[in-house]
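Colleague: Position one of the sequence shown corresponds to residue 48 (the numbering used here), numbered consecutively onward.
Positions of the beta carbon are idealized from the N, C-alpha and C atoms, including for glycine.
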Amino acid sequence: MSVRSTCLLGALALAIASCGSSSTPVAASCKVDRGELPAWATTGFSDPHPKMPHVVGAAGRIAAILFADPLRATDGRDGPQNKILWVARDPQQAMSDLTIRAVHGDDTLERTVPGGPGPSVVDLPKGCWTLELSWSGRTDRLNLQYD
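So, in C-alpha cells, the structure goes:
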C-alpha cells in the first residue's frame, strides 16, 4: 500500500470515528444540582445557604427548585405530582405568565405558570425534557429528567 493510500485510509478512519455517537450519556444533560442554591434564588428560605435539588437555566436567568427528587413521570391521572418553584434572577417588571415549551425527541408539550415564575406543578411523561422558558420578555432553557 502506498503512503498516499495509507494517509487517505487514516483520514477516512478519523472522519468516521468523529461521526459516531457522543461518549456523553444523554442523562448527563439532565443533571440536577443538589447543592446550595444560587444566592439570587434564596428569597423566602430561612436557611441563609439552603441546599435543594435545582437546575439553573443555560443563560442563568432562571432556576427550577425541585420539591420532588427525582421528578416522577405521570400521565396526569394520579393528580399533580411534581412541585417546582421557578425563581427568576431579575425581578419581574410586569406580570406575565411563564410559558414552557417542553421538547423530548419528536414530542412537544406546552405548559403555563400563571403570573410568571413562582410555585407550580409541572408533570411530564418519562424522559429527559428540554424546557424552553419565556416570561416578561426574557427567555432561558434547561433540561429536566422525569423518571
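(1) Going by alpha carbons, who is nearest to aspartate 149 out of Leu178, Arg81, Ala106?
(2) Taking only the alpha-carbon atoms, compute the straight-line gap between aspartate 80 and tryptophan 133 and give it to the nearest angstrom.
(3) Measuring CA to CA, which of Pro85, Asp137, Arg158, Val169 is closest to proline 95?
(4) Let's see if you can read the secondary structure: which residues bound the beta strand (DSSP E) around valine 160?
(5) Could you check the C-alpha separation between arginine 119 and glycine 184 for me, to the nearest Å?
(6) Quick check: the Cα distance between isoleucine 109 and aspartate 187, rounded to an integer number of angstroms?
Modeller: By the coordinates alone:
(1) Position check: residue 149 holds alanine in this sequence, whereas aspartate was assumed. Minimum Cα distance to alanine 149 is reached at Leu178.
(2) 15 Å
(3) Pro85
(4) 154-160
(5) 30 Å
(6) 7 Å
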